[in-house]
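Residue numbers (my numbering): 4 to 259.
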């Protein structure tokens, strides 16, 4: 892992609540008094019932939204707005259809006005995600897995301290999904970037994470934090793997 991850990429979430107004102007509490520390270089998954606030919390860390109360900090600095130090990858790759792979990956650097200086970085990250040879391909010619690889490269090329992943593999077939899980773990171990991963898939959370954060239904709080003490590469059919899977299932079934 890169050495900067040992001192950068620490997320602190302190007493965070987020209240929305519904269509009838009634208050709906999505998150309630959430407290969490995510360590530099850690891979953390958020899991819980649909609509429990996992993606809301991710958007707050990204700076795309602000909490109603509480604080979010990255390396001790308040998170107030989006910044390239916090990369974001969605379930939909959201590639620009009029740009080829190279230009899509470079789009963040272009927005910052540094694409010429860091053009070699674009090539490096395209190769890192396994798309070397597809630099000139346009999004409509790519498979779902290839498009998601391009989206991952686009986020990583900015050298974020934190990579936020909102069900990025949810729309893929099972084989492609498992392949990309392994690729993401490889990239995470090489780069040392702090990863915060939202998923509904318990197996995926156990397979990929250092810790799994189980959230309650709305208003979401943290019900339990499980440290996954399994060596890597992990065996999906090992008794220890199934033990963690069963433990998370039991917690989820106990939720109201």
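Here a beta-carbon is modelled for each residue, glycine too, at the ideal position from N, C-alpha and C. The model shown is predicted, which means the values in this text are computed figures rather than measured ones.
Cα-Cα, which of the options is closest to residue i?
| i | options | result |
| --- | --- | --- |
| residue 160 | 115, 145, 170 | 115 |
| residue 56 | 24, 162, 220 | 220 |
| residue 207 | 248, 34, 27 | 248 |
| residue 233 | 253, 227, 209, 226 | 209 |
| residue 61 | 27, 131, 20, 29 | 20 |
| residue 23 | 72, 46, 227, 12 | 72 |
| residue 127 | 11, 140, 109 | 109 |
| residue 94 | 176, 26, 218, 169 | 169 |
Exposed or buried, which one is residue i when buried takes at least 16 other CB atoms within 10 Å?
| i | result |
| --- | --- |
| residue 190 | buried |
| residue 151 | buried |
| residue 59 | buried |
| residue 183 | buried |
| residue 2 | A query on residue 2 cannot be resolved here, the shown segment of the chain reaching from 4 to 259 and no further. |
| residue 245 | exposed |
| residue 49 | buried |
| residue 89 | buried |
| residue 132 | buried |
Quick test of your reading: residue i and residue j, contact by CB under 8 angstroms. State the CB separation rounded to the nearest angstrom.
| i | j | result |
| --- | --- | --- |
| residue 179 | residue 147 | 7 angstroms |
| residue 39 | residue 216 | 7 angstroms |
| residue 92 | residue 154 | 5 angstroms |
Excluding the 5 residues flanking residue i on each side, which residues of the same chain have their C-beta closer than 7 angstroms to its C-beta?
| i | result |
| --- | --- |
| residue 6 | The predicted position of residue 6 is uncertain, since its pLDDT is 39 and thus under 50; no value can be drawn from it. |
| residue 135 | 129 |
| residue 98 | 107, 142, 150, 153, 154 |
What residues in its chain sit with their C-beta under 8 angstroms from that of residue i, if we drop five residues either side in the sequence?
| i | result |
| --- | --- |
| residue 14 | 39, 40, 41, 64, 75, 76, 77, 165, 197, 199 |
Within the same chain, show all residues whose beta-carbon is closer than 6 angstroms to that of residue i, passing over the 5 residues directly before and after it, in chain order.
| i | result |
| --- | --- |
| residue 84 | 66 |
| residue 223 | 34, 55, 56 |
| residue 52 | 220 |
I'd like to know if residue i contacts chain D, where contact means its C-beta is closer than 8 angstroms to some C-beta of that chain.
| i | result |
| --- | --- |
| residue 112 | Of the protein chains in this structure there is only one, and it is not chain D. |
Would you list, in sequence order, the uninterrupted beta strand (DSSP E) runs of no fewer than 3 residues that lie entirely inside the segment 171–200?
-> none
Segments assigned beta strand (DSSP E), at least 3 residues, entirely inside the segment 25–92 | 30–41, 46–50, 72–77, 89–92
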